[in-house]
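Protein chains in written order, with my numbering: chain A, 15 to 221; chain B, 7 to 266; chain C, 269 to 1066.
Below: one structure, written as structure tokens.
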Amino acid sequence: MDKVNRREFLKYLGLGMAALALLDEAELATALPAAEKSTTPAAPASYKLRRAKETRSICPYCGCGCGIILFSEGNRVVYVEGDPDHPINEGTACPKGIALSDVNTVVNRSRKRTASSARFTKVLYRRPGGQYWEEKDWDWALREIAKRVKKTRDSTFEEKDENGVVVNRTQAIAHLGSASLDNEENYLLHKMLRGLGVINIDHHARL
Amino acid sequence: MPKGVLVDLTKCIGCRSCQVACKQWNDLPAETEYFANTWDTPIDTTDNTWTRVKYYFIQEGKEVKWRFVKRQCMHCLRPACVAVCTSGALIKTPDGPVIFDARKCTGCTYCFSACPFGMPRYTSGNWGGVVLQKCRFCFDTQGTYDRIGRGQAPACVRACPAGALLFGERDLLLKEARARIAAAPGGYVNHIYGETELGGTSWLYLADVSFHDLGFPFVSFLSGVAAAATRWTPVAAGMWFVSKYRGEAAEDVTGREGGE
Amino acid sequence: MTNHFIDYKNSDVVLVIGANPAECHPQAMKWIMRGKAARGTKLLVVDPRFTKTAAKADVYAPLRPGTDIPFLLGMMNYAIQHNLYHHDYVVNYTNASYLVDKGFKIEDGLFSGGGWKDGKFTYDTKTWQYQKDGDVIKKDPTLKDPNCVFQILKKHLSRYDIKTVCKITGTPEDLYRKVCETFCATGRPGRAGNIIYAMGITQHTYGAQNVRATAMLQLLLGNIGIAGGGVNAQRGESNVQGSTDMAMLYHLLPGYLGMVDATKHPTLKDYIEKETPKTGYWSNKPKFLIGLLKAWYGAKATKENDFCYDWLPKLDGKDHSHMAIFEMMAEGKIKGFFAWGQNPGVGGPSAAAELKAMENLEWMVVVDLFETETAAFWKRPGANAKEIKTEVFFLPAAFSYEKEGTVTNSGRWLQYRWKAVEPPGEAKSDLWIADRLFKAIRKEYRRGGEFPDPILNLNWSYDKPGSEEPDIDKVALEINGYTVADGKALASFAKLADDGSTACGCWIHCGYWAVDPDLKVVAAKRRDRTDKSGLGLYPKWSFAWPVNRRIVYNRCSCDPSGRPWDPSRILVAWDGRKWVANDVPDFGATNPQTGAQVPPEKSAAAPFIMQPEGVGRLFAAGLKDGPLPEHYEPVESPVRNIMSSQQNNPLTTRRKGDFAKVATAASPEYPYILTTHRLIEHYQSGAVTRNCPWLVELMPDMFVELSPQLAAKLGIKAGDAVVVSTTRGAIRCKACVLPTLRPLKVNGREVEIVAMPWHWGYQGLGSGSSANYLTASVGDPNANIPEYKALLCNVRKA
């Protein structure tokens, strides 16, 4: 069976072949209506996913590593399902995986898809003693953070320890990283932190 | 050939991805919920929650069994809701799904009284009335939310990681169900719920504990129609009933008490 | 994981201890159920709670939180007493026959060499070492010598008979015996037993020893390196494997290279001499470290300047892990703090004290999707924002499908994910943020500063012309490794050199960004479902580190002559002339120079290639708290230790100030055991999922589970508001009364267990009290993981 047919086949059975282990092969063949064996009928103009773009992703929750397909229109996610080609989850997904769209796009009471209003999408700053966030731009925030990193590093920098060993470190900066970040992101962060001389580094794996 | 879904409750792990998948496909918003002791919110199906998994703790001597039961419209072979629908909004399709045309629904709610599974729910309609809301078996004549018309399993079946849901031709599913019972003596109660209950349902269930303990109703098709009929004027009800079901009452298949 | 999720279908018996796959890893549960349906896999579930996984078990055996070691040692004792262990495997592939120093002793729960130094109990491990003739370790293949590992182990285990074990664990004896019988039956060649664990095993003050116990049991039964076997740690986050590989941890550099430490490695030469074993694959360590230095410092790193070794910051021999960081923060020693995708205000131990410690910071940067409890610590209930001087920067991040990159699952598969939509508003990928932030910092240092060389000279050029985003190809190539001369990707870490001619950011990932010659895509992007073995190995789907090996230690799947123990589940096999392999061999199958086949005898002598002695360790001198697991009570326990006068692990890490609070053993104030757990509907601290309406609908509120008996005794009904308290504090939540919990008989006394999910905090769409306000900051001496799973509490009606 080629890829497309196998995928439609799985969609029809919902579960993959193992689930129908007790039916013999002939019966399995008849379990498929004729239409499904060739092609799926053309989608009507009103079909939910007619204009949707399909993107393959990996679920960001537990460590199973399930394949997920996101269907999107513009910047809204309109549907999420398990990737039927993925050998681990075989098209299925748990409730967290299915609900992945909620982080970006939610369904409102009128059953329309809108951007999540819970997301924090702006650069924010809270000044000492402040009681609210202030909106800032990226350039300002990166520059100000860089200045604070430099000030803290330079004022606490240890070039050599008490035995005269070159240590090149600061103990006044700490970083708690994340097991939700991609490998490439974690790599760059680790490299940056070591470059700055940070030794207080930890993340979820410790907990 | 009518379609169906075989729900094997011995496989269900209570993850409830079917619940979310239904909302994900049908664009249904979340409910505002509060603590439920049994962890199975929403505590009932609603106009925006067409399927839910109810959790049951069954004490057998010292042993506790924890079972998870997905419920939704059963898409009866002879649906009482269709029988009592006064507007013609509800129809039984040859493929199995019981669907409705929201434009025709007058919001009389007789279908709620008739349904032995208590599934119909209602949302506000455009003209101040209410409109029926329930599982449509992912079959949509308008095309927007259609899956099974396009040869795809319903969204809930597609999502199920436990392999508890199987979509296919109803008669083959019955065969599969019988084969599973035969292959695992003691693994199941010897009963396929929905094979004959209420005249047969498109959704079929296998379980390893008594269906009585899992909240499944054992009532007749006509009791549902009769329940709805009590809300009609006696004359209208009598005339309607006689015209539609003359001679059939005698053949009514009452819900079989399980063989377990 | 030694194996991977799909491989669960190949198991004959699955022992789930300290994990709850039906709730926390549903696809893992699917593969267990697949095995049950296809081959009649028996599922044994050991857990204090009757979980959704337990609901599907053939045998459910309850145990008291924190008693996994006696439970597992008792199983090993059963295997040895009933002669159920895999004799040939144990003799050939483990250190059972190795002789240990004659001075080695275990007395009253302590190992030889223990003593107090600077107010801390530590071990001198001299007597834990092997007896040697020169460089050669002495052995007794008959396993009779009283100083051989097998005899030492046997004697140690004999104290853990069924009656004693069940007195400690509270497990009913009949159920315990059933677990022993069923699982130890996999000690026969041709039978595969799989141990699955998660945080129930690790989150203890002897978490590393708990893990050791699972591995030792699997070695005894010959279950490591075979299809359907293994020790499988189900990891809780999508990329916790990858972020660990990338060393987002103070004590490591990428690829599990130990971090350089001033007390041990002042120079590169010191590091290489002290950290490079003479035998085993780690003998290549200099290539890995020098490859890393070349990747980081580029042309500046030369042989003459020790490849800029001195530019790496060096540790000071002290702990700088999570709990230590917050202790330092509370003491005012930390001024600047990045919470980059982590929410310790909900997830950390003694979380209320951690939030309070943040008030001492001068500045804090939070990079996240939502306004987490950590980001909003200055407006938490009870805080006076006006008094809190900390500056807080919130940087909005992109979600997983709003950017691209790879993540590594528990089975070590590095999988690529593509971008579906743009991040909302001003949110940016973490790659973009890291790149821009470093550039901003470097810009500041161009004007001078303390020792700017490592910052100014860090190899950092990931720009992509015409793109806002950094070039992920360039980052990935650097991680993968390349030849310095031509910048071409390396296909395998076997090509790495220690002369600076190769650069590699993370040696274990080498090959993930090399193009597959057949599929014409980089390995991490492969999506081919070929699986000739039928075992679910899928060698052309993504890339599994190391070198695309799906099941590690796979030499152990055959006997010493290369004949598979189980002909129906072949990973590798010697056909008389050559190796036939379904998986990538985890041993030298061919001579790298000549390509000639290496006969099985050679690899049979060292099937565990990462160990200097080449075999699996039933006795391991490398742990700080003992070469063998021994039962200690959790720091907070309702009972006295009946095995020895050592109540707790003598090396437990304890903290100062607000983090020092622990209840005394058998405290009358806190009579119930408290354990914490997860739910399927939420993820970690709930920072993301508590803002997902569909998931909040499914699990809206924080609660505490009580057994029906305890609820009745306290006059509490389901849904009542209750107060749960520990010596760290008290929280309010709903009472959940279900038969998922029941009291256990521990040494003749009934002990109640209460359980709490820990996903809630005061922020978000679904808010609630945080269980971690109650948890203690005590940790395991090897890994510094906090003891979240076994504490003492009290419960009353609010």
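Where a beta carbon is used, it is the ideal one built from N, C-alpha and C, also for glycine.
Three-state secondary structure (DSSP) of residue i
i, result
"C/Leu724", "helix"
"B/Tyr194", "coil"
"A/Asn122", "coil"
"C/Met596", "helix"
"C/Tyr539", "helix"
"C/Ile494", "coil"
"A/Thr184", "strand"
"C/Met632", "strand"
"C/Phe379", "strand"
"C/Leu1059", "strand"
Chain A contact residues for residue i, given Cβ-Cβ distances below 8 Å
i, result
"C/Tyr713", "Lys164"
Distance, residue j Cα to residue i Cα
i, j, result
"C/Gly1047", "C/Ser618", "12 Å"
"C/Arg922", "C/Ala928", "7 Å"
"C/Pro1025", "A/Ser169", "42 Å"
"A/Ala43", "C/Gly461", "Confidence in A/Ala43 is poor, its pLDDT being 40 and thus under 50, which makes the residue's placement unreliable; the coordinate value appears in the next sentence. If you take the alpha carbons of A/Ala43 and C/Gly461, they lie about 36 Å apart."
"C/Leu517", "B/Val195", "53 Å"
"C/Ala644", "C/Pro738", "30 Å"
"C/Glu449", "B/Leu228", "55 Å"
"C/Pro289", "B/Tyr62", "20 Å"
"C/Glu441", "C/Pro918", "29 Å"
"B/Ala27", "C/Ala621", "40 Å"
"C/Tyr669", "A/Lys110", "14 Å"
"B/Lys29", "B/Thr57", "9 Å"
"B/Gly261", "B/Val225", "With a pLDDT of only 36 at B/Gly261, under 50, the local geometry of the prediction cannot be trusted, and the value read off the model is given with reservation. The alpha-carbon atoms of B/Gly261 and B/Val225 are separated by roughly 5 Å."
"B/Phe106", "B/Pro191", "41 Å"
"B/Pro167", "C/Gln879", "38 Å"
"A/Arg208", "C/Pro581", "6 Å"
"C/Lys1065", "C/Ser1038", "18 Å"
"B/Leu83", "B/Leu220", "22 Å"
"C/Leu891", "C/Gly925", "28 Å"
Closer than 9 Å at the beta carbon, the chain B residues around residue i
i, result
"A/Arg90", "Correct list: empty, because the minimum Cβ distance to chain B is about 11 Å."
"C/Met297", "Ile19, Cys21, Pro167, Ala168"
"A/Thr106", "Ser23, Arg164, Ala165, Cys166, Pro167, Ala168, Gly169"
Within chain B, the residues that residue i reaches when beta carbons sit closer than 7 Å
i, result
"C/Pro294", "Ile19, Cys21, Pro167"
"A/Ile83", "Those do not exist, as A/Ile83 stays about 11 Å from chain B at its closest Cβ, beyond 7 Å."
"C/Val1005", "Asn43"
Residue i, buried or exposed, once every other Cβ within 10 Å from all chains shown has been counted against 16
i, result
"A/Val92", "buried"
"C/Val789", "exposed"
"C/Val404", "exposed"
"C/Thr1043", "buried"
"C/Val327", "buried"
"A/Arg64", "exposed"
"A/Arg123", "exposed"
"C/Pro545", "exposed"
"B/Tyr116", "buried"
Contact set between residue i and chain C, taken where Cβ atoms lie within less than 8 Å
i, result
"A/Pro142", "Ile656, Lys657, Thr658, Glu659"
Interface residues of chain C facing residue i [CB-CB closer than 7 Å]
i, result
"B/Ala36", "Pro961, Trp962, Val964, Glu965"
Under 8 Å by beta carbon: chain B residues contacting residue i
i, result
"A/Glu95", "Ala27, Gln30, Ala161, Arg164, Ala165"
Below-7 Å beta-carbon distance, residue i vs any chain E residue
i, result
"C/Ala708", "The structure shown contains no chain E; its protein chains are A, B and C."
Given 8 Å, three or more beta-carbon pairs between the region 1050-1057 of chain C and the region 466-483 of chain C: yes
Any 3 or more C-beta pairs closer than 8 Å across the region 675-682 of chain C and the region 692-708 of chain C: no
At least three beta-carbon pairs within less than 8 Å, the region 770-784 of chain C to the region 742-758 of chain C: yes
The region 119-134 of chain A touching the region 33-53 of chain B, judged by at least three CB pairs closer than 8 Å: yes
Sufficient close CB pairs (3 or more, under 8 Å) joining the region 365-374 of chain C to the region 508-516 of chain C: no
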